[in-house]
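Trainee: Its first residue numbered 403, the sequence shown is counted upward by one per residue in this note's numbering.
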Amino acid sequence: MDSHLTDAGLCELIRMHVVSITGYPQDPSHYCDPQTAYSTWMSETASYFQIPVGMQCDPLIFLDTCEVLAQHDHKYRVHKSSGKPYTLLEAFCIAVPSPHGIFVAGTNFSLPVTDPMYVTMANMTNIGSRTDST
């Protein structure tokens, strides 16, 4: 149960994105888990935009102003190293299947990079904050 709702949210986000881009209804059974949702997304994108077979076109989710998701705890997931609950944003990032990525941005949040298990599962890279640049 701990990841089902988060996975379902990710799948629905992807499905609705494909609907909004293509204008065609999408069968929810093709978005039943994150891996299947990503595969369908890539296939529908290639078909709609007539991307040639063999041309790499990786999908990327970009979430901006993620502060709200970072402020609320997930009800079931906890960091094994600290016992603290994951935030909804952390849980959402973990739901993205490898080798795919997610780009999250905001002005006042941070993702923990101290929990080695989380860093491995989320495949994260910290690129710094908007205020880090000079």
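The beta carbon of each residue, even a glycine, is placed where N, CA and C say it ideally should be.
Bear in mind the structure is a predicted one, so any value in this text is a computation, not a measurement.
Under 7 Å, do His-476 and Ala-493 count as touching if we go by C-beta distance?
Mentor: Going by C-beta atoms, His-476 is nearer than 7 Å to Ala-493.
Trainee: Going by C-alpha distance, which of Arg-417, Ala-448 and Asn-510 is nearest Gln-437?
Mentor: Nearest of Arg-417, Ala-448 and Asn-510 to Gln-437, Cα basis: Arg-417.
Trainee: Going by C-alpha to C-alpha distance, which of Gly-485, Leu-465 and Gln-458 sits closest to Phe-511?
Mentor: Of the listed residues, the one whose Cα sits closest to Phe-511 is Leu-465.
Trainee: Going by C-alpha distance, which of Ala-410, Ile-496, His-419 and Gln-452 is nearest Arg-479?
Mentor: With distances taken between Cα atoms, Arg-479 lies closest to Ile-496.
Trainee: Do you know how far the Cα of Gly-456 is from the Cα of Asp-409?
Mentor: Between Asp-409 and Gly-456, the C-alpha separation is close to 28 Å.
Trainee: Less than 8 Å between C-beta atoms, sequence neighbours within five positions excluded: which residues of the same chain meet that for Pro-499?
Mentor: These residues qualify, in order along the chain: Pro-436, Gln-437 and Tyr-440.
Trainee: Give me the Cα-Cα distance between Pro-461 and His-502, rounded to the nearest whole angstrom.
Mentor: Their backbone Cα atoms lie some 7 Å apart in a straight line.
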